[in-house]
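Undergrad: Plus 332 on top of the position in the sequence shown (first one is 1) and you've got the working numbering.
Where is the CB? At the ideal position from N, CA and C, for every residue including glycine.
The structure that follows is given in the form of structure tokens.
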Amino acid sequence: MNENAPRTTRYVPALVLIRGAVAVFLVGLLAASLGGSRAPSPSDTVESFTRRLDARIPRLLSRYDVPGLGIALIRGGEVVWQAVYGYAGAASGRPLTRDSIFRAESISKSVTAWGVLKLAEEGRIDLDAPASRYLGDFRLPETPFDEEKVTVRGLLSGDAGMVLGPVGPSVEYAPGTPKPDLREALTGTVRMDREPGAGFEYSNVGFNLLELIVENVSGRPFADYMAEEVLGPLGMGDSSYEWNAAVRERGASGHDLKGRTVPAYVYSEKGSGGLFTTVRDIAAFARAGMRVPGGDGAGVLSPDSVRALYSESSVISGIFGAVADAYGFGHFTELLSDGRRAVWHGGQGHGWMTHFHSVPESGDGIVILTNTQRSWPLFAVVLADWSRWNGFAPVKFSRIRYGVAGMWFLAGLLALAAFYLGGVTAAGIVRGRLRFAPLAPADLPGRILRAAAGAAGLAGISWASTRPYLMVTSLFPGPAERAGGAVLALSAVLLASALFVRKTDPDRE
333 MNENAPRTTR YVPALVLIRG AVAVFLVGLL AASLGGSRAP SPSDTVESFT RRLDARIPRL
393 LSRYDVPGLG IALIRGGEVV WQAVYGYAGA ASGRPLTRDS IFRAESISKS VTAWGVLKLA
453 EEGRIDLDAP ASRYLGDFRL PETPFDEEKV TVRGLLSGDA GMVLGPVGPS VEYAPGTPKP
513 DLREALTGTV RMDREPGAGF EYSNVGFNLL ELIVENVSGR PFADYMAEEV LGPLGMGDSS
573 YEWNAAVRER GASGHDLKGR TVPAYVYSEK GSGGLFTTVR DIAAFARAGM RVPGGDGAGV
633 LSPDSVRALY SESSVISGIF GAVADAYGFG HFTELLSDGR RAVWHGGQGH GWMTHFHSVP
693 ESGDGIVILT NTQRSWPLFA VVLADWSRWN GFAPVKFSRI RYGVAGMWFL AGLLALAAFY
753 LGGVTAAGIV RGRLRFAPLA PADLPGRILR AAAGAAGLAG ISWASTRPYL MVTSLFPGPA
813 ERAGGAVLAL SAVLLASALF VRKTDPDRE
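As structure tokens, this is what we get:
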């Protein structure tokens, strides 16, 4: 090639090749992340669909590094299939079984709502009364907002102005060790950050206040009341809001985002995330709310109360609006493509992810429980398949698949940028076109910009590595980690390239 040709002309073939490689690479990433097998059809039998899941789930466990998964399908109001895959404990190799007990985490809210509605049916709670009427000697903290507008209905629907509350290791206690009682824990966590009635805000402390209300109104410990009035009558015999011998003996082990085993723990508050349960029991719970024989409240609640649970009490916007339309009482809701309404809830805790989706009108549902925080992309794939099998477009929660694909796209783009810039810099040094001159005035603004971008990237990765939890790695495990590695590489290359300047006359140097 003519060495005297303009630089842009000399590098055109290389640029074309690199751009072509980038396009092929990124399209391949998108296809791999979204999957390319035949989509399920409503004409598929239970047997053919479960064969598909039986082949697909082990591959998904491997792809997303999920130790163990339990799943159940409900069809026409009947549990038609249940299966388990993987390990109750990755380090021990202990297999998961159908009797393995999981932490339900925020699915607890859905079950807690049944307990509150039962007291309301009995006339012992007025849903529209100020919650303070039922809080006993507990007082809401000082706030600029009108606490009389904090109603039981608002707490159930996430419209009471309550904050999320603390999550993670700071509120976890080893079973059998001292921990704050419910009132002490509430005193340190209950806070309002908006006017009651101003809109939906997902809140753990709201449901923990409902736990206190249940105790005060029923005159019984929350775990006892729920066992006797809700869990037992619904056939959830393996479920408990209390740590017990069954949980100790049959409980799976949780695993964090890095795959490390999470020691067993309990919370002081139980209403928002303290339920221990099995796949079979959550399937029984979902079935109890369906409009099928033996459902529609299953003798615990009236059909009208079940409709209230699934009502659109609070319209959802913001990040939750990507996966749901509204929030009822302890249940997310969405309008499906065929006009029916689905209800669902998920749970995420330190080491755990859980999910159920139900179509009460038709009696169709799915339950997925896992013992890791890396499961949301897996849930999205399985829920998309389940949706198509039931004849409607993939539910909103399955949109996480597209986020995963986008994150792989970003990771690939950043990696290729690091490779290209690093290659150009290295070639310039080897061929004598670049010289080490960090303080030279040549192209100083551009080099300062590259150095600043590189330093910012390294600082961001350093900060992220010290965080016990990041939403992005929870949503997109795998590609988010690869993107972090690509940011690290690109930042290092940017910093290195800023230290060199182009020689003005290579023949005289």
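1) Rounded to whole angstroms, what's the CA-CA distance from Gly789 to Gly744? Just pull it up for me.
2) Taking the DSSP output, what are the residues bridged to Gln414?
3) Quick one: what does DSSP say Met332 is sitting in, helix, strand or coil?
4) How about Pro692 and Tyr642: are their beta carbons less than 8 Å apart?
5) Count Cβ pairs between the stretch 396-403 and the stretch 695-708 that sit closer than 8 Å; are there 3 or more?
6) So the candidates are Gly520, Pro777, Asp460 and Val598; which of them puts its Cα closest to the Cα of Val833?
7) Ordered along the chain, which non-local residues of its own chain (more than five positions away) have a Cβ less than 6 Å from that of Ala785?
8) Identify, in the order they occur along the chain, each residue of the same chain with its Cβ nearer than 7 Å to the Cβ of Gly735, setting aside the five sequence neighbours on each side.
9) Taking only the alpha-carbon atoms, compute the straight-line gap between Leu802 and Ser604 and give it to the nearest angstrom.
10) Does the Cβ of Ile648 have 16 or more other Cβ atoms within 10 Å, making it buried, or fewer, making it exposed?
11) As a quick exercise: from Val594, Ser637, Ile698 and Phe470, pick the residue whose alpha carbon is nearest that of Ala674.
12) Going by beta carbon distance, what residues of the same chain come within less than 7 Å of Asp588, once the five residues before and after it are set aside?
13) Quick check on Phe357: does DSSP put it in helix, strand or coil?
14) Hey, would you say Arg310 sits closer than 8 Å to Lys835, going by beta carbons?
15) In whole angstroms, what is the alpha-carbon distance linking Pro374 and Pro726?
16) Just the C-alpha distance for Glu842 and Phe661, rounded to the nearest angstrom, thanks.
17) If you draw a straight line from the alpha carbon of Arg799 to that of Trp708, how long is it in whole angstroms?
18) Around the C-beta of Ser380, are 16 or more other C-beta atoms found within 10 angstroms, so that it is buried, or is it exposed?
19) Taking the beta strand (DSSP E) that Gly697 falls in, what are its first and last residues?
20) According to DSSP, what are the bridge partners of Gly679?
21) Distance, Cα to Cα, Ala353 vs Ala750?
22) Which whole runs of the beta strand (DSSP E) in the stretch 730-772 are 3 residues long or more, in chain order?
23) With 8 Å as the threshold, decide whether the Cβ of Leu701 is near any Cβ in chain C.
24) Give the straight-line distance between the Cα atoms of Ala828 and Leu820, rounded to the nearest whole angstrom.
25) Can you tell which of Gly810, Leu518, Gly755 and Leu746 has the C-alpha that lies nearest to the C-alpha of Tyr599?
26) Is the stretch 571-578 touching the stretch 633-640, taking contact as three or more C-beta pairs under 8 Å?
27) Return the first residue and the last residue of the alpha helix (DSSP H) that Leu487 is part of.
28) Looking at Asp376: is its Cβ nearer than 8 Å to the Cβ of Thr610?
29) According to DSSP, is Phe434 part of a helix, a strand, or is it coil?
30) Between the stretch 554-561 and the stretch 464-474, can you find at least three pairs of beta-carbon atoms closer than 8 Å?
31) Pull up the CB-CB distance for Leu514 and Glu410, whole angstroms please, since I reckon it's below 8 Å.
32) Buried or exposed for Ala791, please, with buried defined as at least 16 other CB atoms from any protein chain shown within 10 angstroms of its CB.
33) Skipping 5 residues on each side, what residues in its chain have a beta carbon closer than 6 Å to that of Asp525?
34) Does DSSP classify Gly421 as helix, strand or coil?
35) What does the alpha-carbon distance come out to for the pair Ala656 and Glu474?
36) If you compare alpha carbons, which of Tyr659, Thr444 and Gly531 is closest to Met608?
TA: Let me lay it out:
1) Your numbering for residue 789 matches position 457 in the sequence shown. Your numbering for residue 744 matches position 412 in the sequence shown. Approximately 16 Å, taken between the alpha carbons.
2) To locate residue 414, count along the sequence shown from 1; it is residue 82. Partner(s): Ala404.
3) Residue 332 lies beyond the range of the chain shown here (333 to 841); nothing can be said about it.
4) The residue labelled residue 692 in the question sits at position 360 within the sequence shown. The residue labelled residue 642 in the question sits at position 310 within the sequence shown. Cβ distance < 8 Å, so Pro692 and Tyr642 count as in contact.
5) yes
6) Position 501 of the sequence shown, counted from the first residue, corresponds to residue 833. Considering only alpha carbons, the answer is Pro777.
7) Within the sequence shown, residue 785 is the residue found at index 453, counting from 1. Counting only Cβ-Cβ distances below 6 Å, and skipping sequence neighbours, we find Leu826.
8) Working through the sequence shown from its first residue, we reach residue 735 at position 403. So the qualifying residues of the chain are Leu807 and Phe808.
9) Looking up residue 802 in the sequence shown gives position 470. Looking up residue 604 in the sequence shown gives position 272. Cα to Cα, the separation comes out at about 21 Å.
10) Along the sequence shown, one-based indexing puts residue 648 at 316. Buried is the call here.
11) Here residue 674 refers to the residue found at position 342 when the sequence shown is read from its first residue. It is Ile698.
12) The residue labelled residue 588 in the question sits at position 256 within the sequence shown. Only Val594, His682, Gly683 and Gln705 meet the Cβ criterion.
13) Here residue 357 corresponds to residue number 25 of the sequence shown, with the count starting at 1. Low confidence applies here, because Phe357 scores a pLDDT of 49, under 50, leaving its location unreliable; read the following figure in that light. Helix, per DSSP.
14) For the chain, the structure presents residues 333 to 841; residue 310 sits outside this window and is missing.
15) Here residue 374 refers to the residue found at position 42 of the sequence shown. Here residue 726 refers to the residue found at position 394 of the sequence shown. Their Cα atoms are separated by approximately 13 Å.
16) No information on residue 842 is available, as it lies outside the stretch 333 to 841 that the chain covers here.
17) Within the sequence shown, residue 799 is the residue found at index 467, counting from 1. Within the sequence shown, residue 708 is the residue found at index 376, counting from 1. So the two alpha carbons sit approximately 19 Å from each other.
18) Taking the first residue of the sequence shown as 1, we reach residue 380 at position 48. Per the 10 Å Cβ criterion, exposed.
19) Along the sequence shown, read from residue 1 onward, the residue named residue 697 stands at position 365. Residues Asp696 to Thr702.
20) Here residue 679 corresponds to residue number 347 of the sequence shown, with the count starting at 1. Gly679 is bridged to Thr686.
21) As a first step, residue 353 is located in the sequence shown; it is residue number 21 there, counting from the start. As a first step, residue 750 is located in the sequence shown; it is residue number 418 there, counting from the start. Bear in mind that the predicted position of Ala353 carries a pLDDT of just 47, short of 50, making it too unreliable to give a figure here.
22) 766-768
23) Absent from the structure: chain C. Only one protein chain is present.
24) Along the sequence shown, read from residue 1 onward, the residue named residue 828 stands at position 496. Along the sequence shown, read from residue 1 onward, the residue named residue 820 stands at position 488. Between Ala828 and Leu820, the C-alpha separation is close to 12 Å.
25) Taking the sequence shown and counting its residues from 1, the one referred to as residue 599 is at position 267. The candidate whose alpha carbon is nearest that of Tyr599 is Leu518.
26) no
27) By 1-based counting over the sequence shown, the position of residue 487 is 155. Here the alpha helix (DSSP H) through Leu487 covers Val484 to Ser489.
28) Taking the first residue of the sequence shown as position 1, residue 376 is located at position 44. Taking the first residue of the sequence shown as position 1, residue 610 is located at position 278. Going by C-beta atoms, Asp376 is not nearer than 8 Å to Thr610.
29) As a first step, residue 434 is located in the sequence shown; it is residue number 102 there, counting from the start. The answer is strand: DSSP assigns Phe434 an E or B state.
30) no
31) Here residue 514 refers to the residue found at position 182 when the sequence shown is read from its first residue. Here residue 410 refers to the residue found at position 78 when the sequence shown is read from its first residue. In fact, because the Cβ distance is near 38 Å, the residues do not count as touching under 8 Å.
32) Here residue 791 refers to the residue found at position 459 when the sequence shown is read from its first residue. Exposed: under 16 other Cβ atoms inside 10 Å.
33) Here the question's residue 525 lines up with position 193 in the sequence shown. Only Val495 meet the Cβ criterion.
34) On the sequence shown, residue 421 is found 89 positions in, with the first residue counted as 1. DSSP places Gly421 in strand when its eight states are reduced to three.
35) Start at 1 with the first residue of the sequence shown, and residue 656 comes out as number 324. Start at 1 with the first residue of the sequence shown, and residue 474 comes out as number 142. Those two C-alpha atoms are separated by around 32 Å.
36) Taking the first residue of the sequence shown as position 1, residue 608 is located at position 276. The displayed chain sequence assigns Phe, not Met, to residue 608. Selected option, being the one with the closest Cα: Thr444.
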